[in-house]
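Participant: The structure's right below; bear with me while I get my questions together.
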DNA sequence: TAGGGTTTT
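In UniProt numbering, the protein residues as written are 1 to 716.
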């Protein structure tokens, strides 16, 4: 989520949840700072909590291969520790210190900040590397990168031999790539004992990382092992014993990984709870917001709700309620914040309010970690979040409103204490806490892991079931991924990568179904078009839905509509963008298209076309013969096939599951030209919705995917 | 018939 262009800092936001001062973090490539600024930098660095522990940290890293930093926000760990390491000589002899971040924006802006403190030009001694954007040289000594980017580098250099230290920052977020990285780093350690690993994690989760590096045998899920016995009021479900647990006893080498606690700089946040649960969360939010507004004179309010619909209703009710305020009372200016907004609407959140006006930001989970807004004094927390989960049996995703974990609640409350003492109003009774999980289940246990499995295979890790996962995906999840990759032709009967298909699929940064389609697309005579379709299906929110004018948006979208379905409609929109709007965000705005998303699709398409060239796959256009594209899509999306029912609903071909067309599909308002369709994915919210739907012929399914349905039959 | 939490290669 980029709210600002790289090279600038968003107004009122901060980079690292650490100390950032606006003047010095501001735009452009930093020049070499003068002597006076250098002194100021060194004083500011010296005041950070981590400065006191500099020598202790360096000593521990000499002695221990793995150091876990348990650190609340505001310690300066992301900016300072890499500098300590640099000063202590860990980047001598051409070696480099890598620091991973789960998000692009963080990798870029922290690198900027550190380059400035070090007094170098960004991209030289200190640099960054994220997809489509890198500013570094082979001589770079401190490199900030996304965790996905470092994982990709392992595919090229399996021992990460150019790095002396790898610091995994924000590890508690447990992104899938962070988890993969941890497993592989532990493996690399055995071959490269001199490699140093630093894991930085928020408070609750830190012990889990120590345990992970100190255990000698892989073990299955320990989702909640971060609690000390005395704190364990929320008993976790018993960890499942995996088959290898029974064979071998754990023998922890206790000095492998050590933990260091760092003091934060956060201000205290007082927490308040409701006495009774509420049945109308939006109304309770509005009441609480106005209660704060009338009782407390200053300070902005951050509200956490679950989704766009709730946020819009909340804003509407705040506007209604505002009319009832006593005359002369200060006003409220409320802003929505979620990922579907246009860039302009997102930036509005950072602007200071007019005098005598209080800012209220009504946000999804995006404000929990991805976006930091300064000046928040009050947090109003619904205690709920929408979490995605993947069902390996049906192959479908669900997006379900769930109570937050305790870690999540703590993180949200902390948003009120960044600049002064704050207060957090949790809109549920305190008694509900004991039913909550300590931490959110890692992403890797809730997602389709086919691509990750493919990439691990490509690293030469043959036995995926015995990989040392920090938290193992369920065996159903693993088995399904293996079975599906076999059906796609990426794995052979022994589970080895096929050549060249499987090897190439592991390299491509797109969904395995789509990568199979792309790699075969020349034989269908439409690789040019499939490149675009693949790029378009890997970006979200191409059609803008915000600003309340949904009818206009709908009318604009219909201008691109193609009868054959959503994939070809996306192709159409992309081609129009290239023709008219590539350099004009105005053209996009007029047609309710997301300029940023389409520009990203362009970058992805360019990247994918480079892969095709390297694989010697010719880029051929099918012209106006769109049936070729639909046939080609069928060859990879065969698992996702459905057939229309007389009542307008669909049944999946594979299991006969009831499916609905998502309202964003062109087939929501018109009937497809044939009764069979393929779709990109199913998301279950209020119903099971098919997204990105394209009409196909039944014969194609038999011709191009007969093997899959036969395979499924014989297994039963 | 009426809807999408967030992130990444």
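Backbone N, C-alpha and C define an ideal beta-carbon position, used for all residues, glycine too.
These numbers come from a predicted model, not from an experiment.
#1: Let me confirm a value: residue 591 is counted as buried when at least 16 other C-beta atoms fall within 10 Å, else exposed. Which label applies?
#2: Look up residue 304 in the DSSP assignment and give the residues it is bridged to.
#3: Do the region 355-368 and the region 326-337 touch if we need at least three Cβ pairs shorter than 8 Å?
#4: Kindly give me the distance between the Cβ atoms of residue 512 and residue 488, rounded to whole angstroms, as I take these residues to be in contact under 8 Å.
#5: Going by the DSSP bridge assignment, what does residue 643 pair with across the sheet?
#6: What is the DSSP secondary structure of residue 27, reduced to helix, strand or coil?
#7: CB-CB under 7 Å to residue 321, same chain, minus the five flanking residues each way: which ones, in chain order?
#8: Straight-line CA distance for residue 111 to residue 77?
#9: In the DSSP assignment, the alpha helix (DSSP H) including residue 180 goes from what residue to what residue?
#10: Assign residue 201 to one of three DSSP states: helix, strand, or coil.
#11: Compare the C-alpha of residue 622 against each of 524, 598, 649 and name the closest.
#12: Would residue 706 be called buried (16 or more neighbouring beta carbons within 10 Å of its own) or exposed?
#13: Please give me, in chain order, every unbroken run of the alpha helix (DSSP H) with length at least 4 that falls completely inside the region 67-108.
#14: Around the C-beta of residue 169, are 16 or more other C-beta atoms found within 10 angstroms, so that it is buried, or is it exposed?
#15: Starting from residue 423, trace the beta strand (DSSP E) both ways and give me its first and last residue.
#16: Let me know if residue 364 comes out buried or exposed under the rule of 16 or more other beta-carbons within 10 Å of its beta-carbon.
#17: To the nearest angstrom, report how far apart residue 718 and residue 346 are at their CA atoms.
#18: For a test of the three-state rule: what should DSSP assign to residue 416, helix, strand or coil?
#19: Could you tell me the boundaries of the beta strand (DSSP E) in which residue 696 lies?
#20: Quick check: what's the CA-CA separation for residue 662 versus residue 699?
#21: With 16 other CB atoms within 10 Å as the buried threshold, where does residue 62 fall?
#22: Alpha carbon to alpha carbon, how far is residue 388 from residue 424? Give it in angstroms, no decimals.
#23: Cα separation between residue 468 and residue 444?
#24: Would you list the one or two residues that DSSP bridges to residue 401?
#25: Is the separation between the beta-carbon of residue 154 and that of residue 184 shorter than 7 Å?
#26: When you compare only the Cα positions, how much space is there between residue 744 and residue 139?
#27: Around the Cβ of residue 268, are there at least 16 other Cβ atoms within 10 angstroms (buried) or fewer (exposed)?
#28: According to DSSP, what are the bridge partners of residue 543?
#29: Short of 7 Å in beta carbon distance, which residues of its chain neighbour residue 178, apart from the five on each side in sequence? Order them along the chain.
#30: On the DSSP bridge assignment, give the partners of residue 165 in chain order.
#31: How big is the Cα-Cα spacing for residue 427 and residue 433?
#32: Cα-Cα, which of 271, 395, 477, 583 is closest to residue 688?
#33: Based on the DSSP secondary-structure assignment, which residues constitute the bridge partners of residue 336?
#34: Enumerate in chain order the residues of its own chain whose CB-to-CB distance from residue 461 is below 6 Å, with the five nearest sequence positions on each side excluded.
#35: Along the beta strand (DSSP E) that carries residue 273, what are the first and last residues, could you check?
#36: Does the Cβ of residue 381 have 16 or more other Cβ atoms within 10 Å, making it buried, or fewer, making it exposed?
Facilitator: Working from what's here:
#1: buried
#2: 363, 381
#3: yes
#4: 6 Å
#5: 651, 676
#6: Confidence in residue 27 is poor, its pLDDT being 35 and thus under 50, which makes the residue's placement unreliable; the coordinate value appears in the next sentence. Of the three classes helix, strand and coil, the one that applies to residue 27 here is coil, per DSSP.
#7: 286, 290
#8: 13 Å
#9: 176-191
#10: strand
#11: 524
#12: exposed
#13: 77-87
#14: buried
#15: 422-429
#16: buried
#17: For the chain, the structure presents residues 1 to 716; residue 718 sits outside this window and is missing.
#18: coil
#19: 688-696
#20: 25 Å
#21: exposed
#22: 26 Å
#23: 13 Å
#24: 386
#25: yes
#26: No answer is possible for residue 744: it lies beyond the span of the chain, which begins at 1 and ends at 716.
#27: exposed
#28: 593
#29: 102, 147, 168, 171
#30: 97, 196
#31: 12 Å
#32: 395
#33: 362
#34: 467
#35: 269-274
#36: buried
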